[in-house]
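Heads up: the structure comes next, in structure tokens.
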Amino acid sequence: MGSSGVGKSTIVNRLLGSEVQRTQEVRLADARGRHTTTHRELFVLAGGGLVLDTPGMRELQLLVSERGLRETFEDIEGVAAQCRFGDCRHEGEPGCAVREALDGGALDPSRYQNYLKMQAEMRHSATLQDQRKAQEEKSRVKRIHRAFNKSQKRR
């Protein structure tokens with residue numbers, strides 16, 4: 010998976026040993042690839058593997074659950090459970106076990122940053138879901154009102 014023009018089809022061609030997927034030259038003006046692939050296609054490699062060529066992706070979003078995040082970052086969650094306060098944000102509160110573990114080298118700072126990014130992604134995803142639900146409810150209420158108003162006009 011990747012953005013448009015990054016060379017996914019070129020890699021497929023190299024793996025297959027022939028030009029099975031159409032590609033275009035890199036633009037001279039900005040040295041970027043060009044969007045060419047317009048459909049998904051699955052290819053069988055000589056060694057028995059499979060490779061899927063897809064059009065470029067504009068955006069990828071993670072599908073993460075609370076449970077999945079806890080299981081993936083058990084080490085951080087375990088340390089966080091030792092914080093003095095249950096609602097510790099790990100941003101300098103007294104008795105923060107996560108800060109102590111980061112400062113003492115017991116937790117990898119880059120892993121902790123990934124944990125924070127995943128949490129932010131989950132919050133963002135939940136916000137989008139809430140907005141969609143609110144819009145759907147608004148549309149539903151509008152339909153009910155329209156139907157009611159229509160029935161009142163008939164009387």
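Using my numbering, the first residue of the sequence shown is number 10, and each one after it goes up by one. Just so it is clear, CB atoms sit at the ideal spot from N, CA and C, and this is done for glycine as well.
His133 CB to nearest chain C CB: under 8 Å?
Among the chains in the structure shown there is no chain C, since it carries only a single protein chain.
Between the Cα of His48 and those of Gly57, Asp39, Asp62, Ala40, spot the shortest distance and give me the residue it belongs to.
Asp62
Between Arg41 and Gly87, what straight-line distance do the alpha-carbon atoms span, to the nearest angstrom?
Straight-line Cα distance between these residues: approximately 45 Å.
Should Arg149 go down as buried or exposed, given a rule of 16 or more other Cβ atoms within 10 Å for buried?
Exposed, by the Cβ-count rule.
Rounded straight-line distance, which links the Cα of Val21 to that of Glu50
10 Å
For Phe52, which three-state DSSP category applies?
strand
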